Every structure is written in structure tokens, then in C-alpha cells.
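The structure under discussion appears below in the form of C-alpha cells.
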Amino acid sequence: MCINQKINDDHQNVDRPSEGAANAAVLSVRHKYNQRHNKVKSKQSVLNARPRSLYTTLTCPEDQQQHIAPQAYPELGKQLEENSAYGIESHLGSQWRRKALISKESQFFSGLDNWSDAEAGLLATPHGTISLRLRNKIRVDLTVDRAVRLINWKNNIVLALSGSGTASALLHPNGRIYQYGSRVEILAHDFHGNDKYAKMWYKGVSFSSEQCALVYLVDAAGTRTTTDTFSDMRDDFSLPIFYAESRHGPAYYQQAAQVLSNSQYWQTNEGIENWIINNVRISQTPDGLVRIARNNNKYQLRTSPSNGTASLTTPFLHCTASLGQTSHLFVRRGERRMHYDGTSFIVRNAGHSAGFDNSNQLNVY
7 MCINQKINDD HQNVDRPSEG AANAAVLSVR HKYNQRHNKV KSKQSVLNAR PRSLYTTLTC
67 PEDQQQHIAP QAYPELGKQL EENSAYGIES HLGSQWRRKA LISKESQFFS GLDNWSDAEA
127 GLLATPHGTI SLRLRNKIRV DLTVDRAVRL INWKNNIVLA LSGSGTASAL LHPNGRIYQY
187 GSRVEILAHD FHGNDKYAKM WYKGVSFSSE QCALVYLVDA AGTRTTTDTF SDMRDDFSLP
247 IFYAESRHGP AYYQQAAQVL SNSQYWQTNE GIENWIINNV RISQTPDGLV RIARNNNKYQ
307 LRTSPSNGTA SLTTPFLHCT ASLGQTSHLF VRRGERRMHY DGTSFIVRNA GHSAGFDNSN
367 QLNVY
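Quick note on our numbering: the sequence shown kicks off at 7 and runs consecutively.
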């Protein structure tokens, strides 16, 4: 018997599963694959469906970057926003903004449904912070280290400044701005879901969009493609900015109460109310405009409930946003700029400009 014939005979004598058993094995493998696929798909859908509320504090994934991690402050998030959703008002000429929801007021004040300007007042909270409730559904939170968080409930706006002043945030229906150190990250909301992203850093200004596979960089040489990433800014990162560099908690309640007792209040002949709390000056005009100044006006936060405007000015950046006919989002840091009006998205750096038009096409100016 030749060697090839012996190999063939041995191969034929090997036990083989019947056709029915083979089909059953295939079906079993497919069933396990489908189970795993559906499980992964379900998990991805949950992540993709995360709410984009300005006040969502507990849905940030665990693998998110450390400098933007709201889940590190769950108990404080519960203190500030823990109840059901409350719709925002619509504004003329702002159809490009993505809809958003906000949560009701904290347990220390009555809810937005029965908000009364007559109940405005100043108090120290059990979490060692200071809260000033103003007219027109506006609240100012302070820490003993002079961190500031300004909330405009009527227009869905939040501004935050850290105790050291090296980090700040602006959360607005038109977009979000996050400044940490020398970097500024920007998310501009698009009504059709094609959100725009930008980052100002030492290389220049990187930008992209939700429906663009490329990332562009505007530097001293012009505009070119690059490789870069942008932070997930869907959750409320104003809370980490407010608390991270500040002393807070029940142990600082007495200190917050002492700051409260040393605060000053007066009203001008024009009806402008003024507070000085821990060397932070706060004022509100009769029409609701709130202005906050710190460190001899080096840091300024403003918001108006009448037109949905907001601005943030620090030694690191200047940014503005507004609703209505002049809806826009603007950021300036040094010679770097970003402007978005719902139609065109333009960044500028070192004399060069580029951006997206209303068709998501790249334009180099």
C-alpha cells in the first residue's frame, strides 16, 4: 500500500459529525454571536443616546478624560440638580440651536414652577458653599475659595470659574466652551446634528464637525489636515470646575456662614442691587442683567435673562453667546478666534482663516 493511499484511508476512518449535528453546531455558534452582537449594540445605543442637557451630571462614562469628569462629584450634583426636566423657552431667529432640557432647582429652594422673585436671598448650604438667589430665575453659587458658578435657569445658561481662575466654562444653548490652562475647547451646536468642534492650543486651532472624517489645523503656515481629538463635552463639566480647586463639604459650613455674615449689600438710586461676598462683587440691574467681577475685574461673568446673552472674560480668553436675531457663539484667545452663527463656522489664527459653510464644505479664506 502506498503512503498516499494509507493517508487517504486514515482520513476516511476519522469520526465525522453527522450533518444534523454540524447544523446544530453552526446554529449554536450563530446564536452566541447574535447574543454578543445585540449586547454590544444595545450598550452602544445607550451611550449614543446620552442626554445633552446642560445639567446632566451623572451620565459621564468612566473612561472620560480626568479633567472633565462630572462623576467625581455625584453627591454635589444631586444637591444642585436632582429633579425632573424643565423645558426652555423658544427664541426668534434661533432655529439652528439643538433643543435642550434643564433640571429643576435644588432642594434648598423652591422649584422653577413656583419661582418667586420675592424669595431671593443669600444662604450658606450644608455642603459648605454659598448660594445667592436673584430675580429672573438666576442663581450664583460661591465657594470659600471664590470659585463661581452662575446659573441662568430661564435661558439654559451656565458659567463657571475655578477658585484659582485657571479653568472656566460657558454652557449655552448655542454651544459650550471649556478652558483649562492654555487650552480652549469648543462645541458649537447644530440644529441638524452636525455639531462643530474646535480646540485652541499651542499648535494653533484644530477644528472638525460631526459629519467630517478629517480634522484640520490652522497654524502659522496656513490650513492643513492633522490628527487630533476633542473632549466629550455633552455633560455638565461646570461642576468639576467649580469644586475641583475649592474647599467644600459639611466641614466648611461654618466658614461659609462666616463669609456670609461679612458680606455687604446695597441698592443704588437706579435700582441696581449690589453684593460683595468674599471679595466677589455681584450686581443685578432692574431688567435682570447679572454681572460678577473678581480680582479687580480681571475675571468677569455676565448673563441676561431678557435676551439670553452670556459672556466670560478672564486673562485666558474672552467669549460671548446670545440668542434671538443675533444668535452666535464667539471665542477669542490671543490671536486665535472662533465665530459661529448657525450657518458658517470660522476659525482664525496667525492671519489665516478657515471653516465650514452651511453645506459642511471646507472654506479657506
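Beta carbons: idealized from backbone N, C-alpha and C, even for Gly. Quantities reported herein were computed from a predicted structural model and do not represent experimental measurements.
Where residue i falls, given that 16 or more other Cβ within 10 Å makes a residue buried
i	result
L138	buried
D293	exposed
P256	exposed
S168	buried
F197	exposed
L223	buried
Y271	exposed
Q185	buried
T231	exposed
P132	exposed
T309	buried
Y208	exposed
S333	buried
A299	buried
D242	buried
K84	With a pLDDT of only 38 at K84, under 50, the local geometry of the prediction cannot be trusted, and no value is derived from it.
L361	Looking at the sequence shown, residue 361 is not Leu but Gly. Counting Cβ neighbours within 10 Å, G361 comes out buried, since at least 16 surround it.
Test item: CB-CB of residue i and residue j under 8 angstroms
i	j	result
S155	S244	Looking at the sequence shown, residue 155 is not Ser but Arg. Against a cut-off of 8 angstroms, the Cβ pair of S244 and R155 comes out as a contact.
V286	R152	yes
K202	E191	no
N369	N200	no
N161	P311	yes
L335	G181	yes
R342	R354	yes
S267	I283	no
S215	D234	no
A194	Y371	no
G171	N302	no
H254	G134	yes
I247	A356	no
G314	G330	yes
Whole-angstrom distance between residue j and residue i, CA atom to CA atom
i	j	result
I163	L176	8 angstroms
Q113	A130	Here the model assigns Q113 a pLDDT of 35, short of 50, so the residue's position is not dependable, and the following value carries that caveat. So the alpha carbons of these two residues sit roughly 13 angstroms apart.
V150	S359	42 angstroms
F236	A263	40 angstroms
S116	K143	Because the pLDDT of S116 is 40, which lies under 50, any placement of that residue in the model is unreliable, and the number read from its coordinates should be weighed accordingly. Distance between the alpha carbons of S116 and K143: 11 angstroms.
G210	D225	5 angstroms
L307	A316	8 angstroms
K110	L220	Caution is warranted here: a pLDDT of 34 is assigned to K110, below 50, making its placement in the model unreliable, and no coordinate value can be reported.
W159	S328	15 angstroms
I351	L140	Per the sequence shown, the amino acid found at residue 351 is Phe instead of Ile. Near 35 angstroms, if we compare the C-alpha coordinates of L140 and F351.
Y259	T229	52 angstroms
Y249	Q217	34 angstroms
L128	I136	7 angstroms
T291	V337	26 angstroms
S252	L148	10 angstroms
T274	Y305	23 angstroms
R240	R145	22 angstroms
V265	A227	51 angstroms
R189	I183	11 angstroms
M344	D238	19 angstroms
Where the beta strand (DSSP E) containing residue i begins and where it ends
i	result
I136	I136 to L140
S289	V286 to Q290
L176	A173 to H178
W159	It is not in any beta strand (DSSP E) - W159 carries neither H nor E in the DSSP assignment.
T349	No beta strand (DSSP E) contains T349, which DSSP labels as neither H nor E.
R145	I144 to L148
Y184	G181 to Y186
N369	L368 to V370
D225	V221 to D225
L335	H334 to R339
L307	Y305 to S310
G210	G210 to S215
M206	K202 to W207
A130	G127 to A130
A360	H358 to F362
E375	With the chain covering only 7 through 371, there is no way to say anything about residue 375.
T315	T315 to T319
E191	R189 to A194
R253	Premise fails: R253 is in no beta strand (DSSP E) and is neither H nor E.
C325	H324 to S328
Start and end residues, alpha helix (DSSP H) containing residue i
i	result
G261	Sequence check: residue 261 is Gln here, not Gly. From DSSP, the alpha helix (DSSP H) with Q261 extends over Y259 to S267.
I247	S244 to Y249
8 angstroms Cβ cutoff, residue i in contact with chain D
i	result
A219	Among the protein chains of the structure shown there is no chain D, as only one such chain exists.
Inset, instruction - Determine, using beta-carbon pairs with one atom in the region 275 to 288 and one in the region 176 to 189, whether at least three such pairs fall under 8 angstroms. - result: no
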